[in-house]
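Just below is one structure, and these are the notes that go with it.
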Amino acid sequence: MPYAPSFPVMLMTRDNLRIDAAHTPPRGAADLGIVLAHGFTGSHRERATRRIAHVLSGFGGVVAFDFRGHGRSGGLSTVGDLEILDVDAAVRHARAIGYRKVVTVGFSLGGAVALRHAGVLGGVDAVVSVSAPARWYYRGTRPMRQVHWAIERPVGRLFTRLGKNTRIMKGVWDPLPLAPYAAAARISPAPLLVVHGDADPFFPLDHAYQIYGYAGEPKELWIEPGYGHAESAATPELVRRIGGWAVARFGPPEGVYSS
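Under my numbering, the first residue of the sequence shown carries the number 1, and numbering increases by one thereafter.
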């Protein structure tokens, strides 16, 4: 099945970085905007992310983008810190083109950034965090030890730049950004949905429980049997359920499709 058509957008962050993005209009009249945030080393141009944007466009218009230091966006990745400004630029764009309600949907790093954006900057009507870490510097799984090697070692950053077109900052955070679980505590009264798989090879379930435990109401926690990690493992059925959750927060718009 062909993907829903999308249109290129260039966003500008409050710290003057250009962010490569695309807008997929809703398939039918809708006033819900969905900001889609990818995982570390991902891109809105990748097949898995495009598939998710296509499914979500049955529930609202989708603004998908590349984080700083990723793909065609400018700057360097700060691995979850200043990326809240990238989400903010996408949210502001969704508002500017007429979406009355805006929901952020983030996967993995994008989920952590969506939590931090809502907790630190606000300005969204609901948040969906999928496969997100609850805290920084987690090294309890082999995939996350590999991620830290890519971030912290010069050869790792070189490999990531050449192999994944992801440019990562040198050095360490100063100051340490607010952790995702702590940001979750600041999101209420906006609704929060936390989605996590019991087969996630990167972050075990205690990350989801920690985010959910610190969040205020209204909140929901979906533990998905057999679900792995982030965009590549997300089935169309799961994405449709997420879209339906977002629509249910504000009432169904006209002309919503679910294919």
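Just so you know, even glycine gets a beta-carbon here, dropped at the ideal spot from N, CA and C. Nothing here was measured: the structure is a model prediction, and the numbers come from that model.
Inter-residue Cα distance where the pair is residue i and residue j
i      : j      : result
Arg186 : Leu192 : 11 Å
Phe250 : Tyr181 : 25 Å
Ala118 : Leu176 : 18 Å
Pro154 : Pro26  : 42 Å
Thr41  : Leu32  : 27 Å
Arg139 : His148 : 8 Å
Val124 : Leu221 : 19 Å
Lys219 : Thr78  : 28 Å
Gly122 : Ser108 : 20 Å
Gly226 : Arg142 : 19 Å
Gln13  : Arg95  : Note that residue 13 corresponds to Thr in the displayed sequence, not to Gln. Roughly 15 Å between the two C-alpha positions.
Phe203 : Met144 : 8 Å
Val105 : Asn165 : 23 Å
Val9   : Arg241 : 27 Å
Gly163 : Leu76  : 16 Å
Tyr209 : Arg92  : 30 Å
Ser259 : Glu237 : Model confidence at Ser259 stands at a pLDDT of 39, short of 50, so the residue's coordinates are unreliable and nothing is read from them.
Neighbour-count burial assignment, residue i, 16 or more Cβ in a 10 Å radius
i      : result
Tyr3   : exposed
Gln146 : exposed
Asp15  : exposed
Ala234 : buried
Ile97  : exposed
Glu83  : buried
Glu224 : buried
Asp174 : exposed
Arg68  : buried
Ile19  : buried
Arg116 : buried
Gly243 : buried
Val128 : buried
Leu11  : buried
Lys101 : buried
Phe271 : Here the chain comprises residues numbered 1 to 259, so residue 271 is not present and cannot be evaluated.
Gly255 : Bear in mind that the predicted position of Gly255 carries a pLDDT of just 45, short of 50, making it unreliable; the figure below should be weighed with that in mind. Exposed: under 16 other Cβ atoms inside 10 Å.
Val172 : exposed
Leu85  : buried
Glu231 : buried
Neighbourhood of residue i by C-beta distance below 7 Å, restricted to the same chain and skipping five residues each side
i      : result
Gly228 : Gly197, Ala199, Asp200, Pro201
Ala126 : Val103, Ala190, Pro191, Ala246, Arg249
Tyr212 : Val194, Lys219, Leu221
Ala89  : Leu11, Met12, Thr13, Ile19
Other residues of its chain near residue i: CB distance less than 6 Å, five sequence neighbours each side excluded
i      : result
Ala150 : Gly156, Thr160
Val239 : Ile52, Val55
His207 : Pro133, Ala134
Tyr214 : Tyr181, Ala184, Ala185
Thr24  : Ala4, Ser6, Ala53, Ser57, Val62
Ala112 : Gly80, Ala132, Pro133, Pro180
Ala48  : Glu231, Ser232
Cross-strand partners of residue i (DSSP beta bridge)
i      : result
Met144 : Paired residues: none, contrary to the question.
Lys219 : Leu192
Arg36  : One point to set straight first is that residue 36 is Leu, not Arg, in the sequence displayed. Beta-bridge pairing links Leu36 to Ala64, Val105.
Phe7   : His23
Gly261 : Examination of residue 261 is not possible in this model, given that the chain is present from 1 through 259 alone.
Beta-carbon contacts of residue i that lie in its chain and below 8 Å, excluding the five residues immediately before and after
i      : result
His44  : Asp20, Ala21, Ala22, Leu36, His38, Arg50, Ala53, Ala64, Phe65, Asp66, Gly71
Leu178 : Arg116, Gly119, Val120
Query - Unbroken stretches of the alpha helix (DSSP H), 4 residues or longer, contained in the region 163-192 - result: Within the region 163-192, complete alpha helix (DSSP H) segments of at least 4 residues are found at 180-184, given in chain order.
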